[in-house]
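Notes to accompany the following structure.
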DNA sequence: CAAAGGGTTTATGAATGCATTATTTTGGGT
DNA sequence: ACCCAAAATAATGCATTCATAAACCCTTTG
């Protein structure tokens, strides 16, 4: 998802990316509390860029800044996931409908098609991790295609929040055969310019995913 | 909307609130560029808290930080308003449906009822400004009632962005008789626990408002 | 007169310094 | 032991300092 291999930019960006990655990967555990000097020394920089990165993470809802106690790595509760899925179930189907109505070209849909094929292949190969990657690809490509920049931002932020919960339950969930079918269904509806169909397919997709995941929390 | 009369808290908060207010009221005009030292001296504080406030405003989408050129007060384009309304038209109707399904008590709905009555009174009195206030009240109260905290955040942020465009066109738009009716309609559907009705009413409300406003841009 | 070059100014990114204040520790006193 | 007060500790909020490099300006040159 991130591609900052050689781009170092500023220390703030570096701190932001590294902390975010650490949170996503649970290298920093939920409910852990870290003080600014602590983070600064771990990252090898002064408190200043760390503070600024923390403000951003706090806007992203990944961290809560508690005066004198440090940055609290926010856990993702069941209630959080309910909120997140309610929003996704409103935003993404609407965006899918708009996109379908625009009758996107096959060229535009190619990345989605690739992702779906990768998912199908991963299922056959029993490669859950690759499947999850292809899933990410699909949703990223969809977001990019759908033209609303604010939706990109919002959904990405929500996905950052939801990521850990999804990862933790990935192995506890059934093999995502159904999910893969749903992706193809979404793609088909986009491809045929069926707005209502795309909306419904996306909504069913998120609804089932939500149920499955929430049942495990 | 803001009630920080005597609460000053930190300088960062102060800077954040004051800058946001200045942007909302167009005291800082769109496309204006201000450097950190400039803002700092205007607000009578050092660059540090100003920087931190600017990071927040930038997350809010009110400002863009351009290295060496300062903070650019973002204008609200027609395209922005289209994006914003597309999102509102997805989020709020869904939230309204959920709220209606919960069968909220009359006590809970009281603030909405008050707001609708204030709108009707304002219409009769020809007080557009008061009407706009009551409109805000309605939407704030609705947001609070609907239980999703992330939706509160997101919609509030979008409204902060949309505020200037709405204000600029307020006088150019027809007397909001229709809008007032729609609010009552939403309220009635919430009150009777009609989820689909509440969703549709809210969607119609936003759709008409969007059309009206976008036509003026 | 346009373009190029060099020196100066200035905004930023980041480190450091510092006062304040919450938290923790310590040490009595009961 | 236990509770409370006072001292010690430490984190934060903010100011200040500093290095860097972009932007600006002014002169010089083709």
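Residue numbers (my numbering), protein chains in the order written: chain H, 1130 to 1346; chain U, 1130 to 1346. Built from N, CA and C at the ideal position, the CB exists for glycine as well.
For residue 1223 (chain U), a Cβ of chain H is located within less than 8 Å of the residue's own Cβ.
Residues 1302 of the same chain have their beta carbon placed closer than 7 Å to that of residue 1341 (chain H), with the five preceding and five following residues left out of the count. Neighbourhood of residue 1318 (chain U) in chain H, by CB distance below 8 Å: empty, with the nearest CB roughly 17 Å away.
Excluding five sequence positions before and after residue 1298 (chain U), the CB atoms of its chain that fall closer than 7 Å to its own CB belong to 1342, 1345, given in chain order. In summary, residue 1195 (chain U) is exposed, with fewer than 16 beta-carbon neighbours lying within 10 Å of its beta-carbon over all protein chains present. For the 8 Å CB-CB criterion, residue 1244 (chain U) and residue 1270 (chain U) form a contact.
Not flagged as an interface residue toward chain H: residue 1329 (chain U), since no C-beta distance is shorter than 8 Å.
At least 8 Å separates the beta-carbon of residue 1248 (chain U) from that of residue 1265 (chain U). Scanning the segment 1172-1224 of chain U for uninterrupted beta strand (DSSP E) segments of 3 residues or longer gives 1192-1195, 1199-1202, listed from N- to C-terminal end.
Residue 1345 (chain H) sits in coil when the DSSP states are folded into three classes, being neither helix nor strand. The C-beta of residue 1169 (chain U) comes no closer than 8 Å to any C-beta of chain H.
Under DSSP, residue 1259 (chain U) takes part in no beta bridge, so it has no partner.
By the Cβ-count criterion, residue 1253 (chain H) is exposed, with fewer than 16 other Cβ atoms from all chains shown falling within 10 Å of its own Cβ. Annotated three-state conformation of residue 1163 (chain U) is strand, per DSSP. Contact annotation, residue 1144 (chain U) with residue 1179 (chain U): C-beta distance approximately 5 Å; criterion of less than 8 Å satisfied. For a cut-off of 8 Å, the C-beta gap from residue 1233 (chain U) to residue 1332 (chain U) is around 19 Å, too long to register as a contact. Between residue 1209 (chain U) and residue 1138 (chain H), the alpha-carbon positions lie close to 28 Å from each other.
Here DSSP, grouped into helix, strand and coil, assigns residue 1231 (chain U) to coil.
Straight through space, the alpha carbons of residue 1305 (chain U) and residue 1258 (chain U) are spaced by roughly 11 Å.
Among the residues facing chain H, residue 1277 (chain U) is included, as its CB has a counterpart in that chain under 8 Å away. Between residue 1241 (chain H) and residue 1284 (chain H), the C-beta gap is not smaller than 8 Å, which leaves the two residues out of contact. Residue 1330 (chain H) sits away from residue 1230 (chain H), with the two beta carbons spaced by 8 Å or more. Taking a 10 Å sphere around the C-beta of residue 1149 (chain U), we find 16 or more other C-beta atoms and assign the residue as buried. Put simply, the backbone Cα of residue 1337 (chain U) is about 21 Å away from that of residue 1228 (chain H).
Excluding residues up to 5 positions away in sequence, 1245, 1248, 1249, 1252, 1260 lie with their Cβ nearer than 8 Å to the Cβ of residue 1309 (chain H) in the same chain.
If you check each beta-carbon in the segment 1181-1192 of chain U against every beta-carbon of chain H, the ones closer than 7 Å belong to 1181, 1184, 1185, 1188. Burial is judged here by how many other beta carbons sit within 10 angstroms of a residue's own beta carbon; residue 1335 (chain U) has at least 16 and is buried. A check of alpha carbon separations from residue 1236 (chain U) across U:1326, U:1328, U:1320 identifies U:1320 as the nearest.
Taking a Cβ-Cβ threshold of 8 Å, none of the residues of chain H is close to residue 1165 (chain U); the smallest such distance is about 13 Å. Between the C-alpha atoms of residue 1171 (chain U) and residue 1164 (chain U) there is a straight-line separation of about 11 Å.
Around the beta carbon of residue 1199 (chain H), 16 or more other beta carbons sit within 10 angstroms, so the residue counts as buried. Chain order gives no chain H residues near residue 1195 (chain U), where near means a beta carbon separation below 7 Å; the closest approach is about 14 Å.
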